[in-house]
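In this text, residue positions in the sequence shown follow my numbering: the first is 1421, and each later residue adds one.
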Amino acid sequence: MAESNKKPADDTDKPKSDDEDDATMLQQLMSQFSGLFGSLKSSDEPVAKDPVLKAFDLKTAAEYMSKCSNIVVMAGAGISTSAGIPDFRSPETGLYSQLEKYNLP
């Protein structure tokens, strides 16, 4: 009687789906970096912090930003239109409503 060299099938022999691969990779990353975020967990006691700005006006914001070396501004839709810069979808003034005027498809 000849012996078979085949191993018994187990879960590691089954092909994994992309979702399973992604989930496994995510679990591995989370376990590797779990110690980095331990101090970010909230406690029951609120932490009192001094306010960054003394007042909420343009002058105070400008003074604070003049002391900063890296500034990132995140703004939503509409900031350009309030400054008079046309956007794409505004009725009558947006580029989409003026495609024919500029000979655009």
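From the three backbone atoms N, C-alpha and C, an ideal C-beta is built for every residue, glycine too.
Check whether residue i and residue j have beta carbons under 9 Å apart
i	j	result
P1506	G1514	yes
K1487	T1480	no
N- and C-terminal bounds of the alpha helix (DSSP H) containing residue i
i	result
S1438	Here residue 1438 is Asp; the residue named in the question, Ser, does not match the sequence. Unbroken alpha helix (DSSP H) run through D1438: D1438 to F1453.
M1485	L1478 to S1486
I1499	I1499 to S1502
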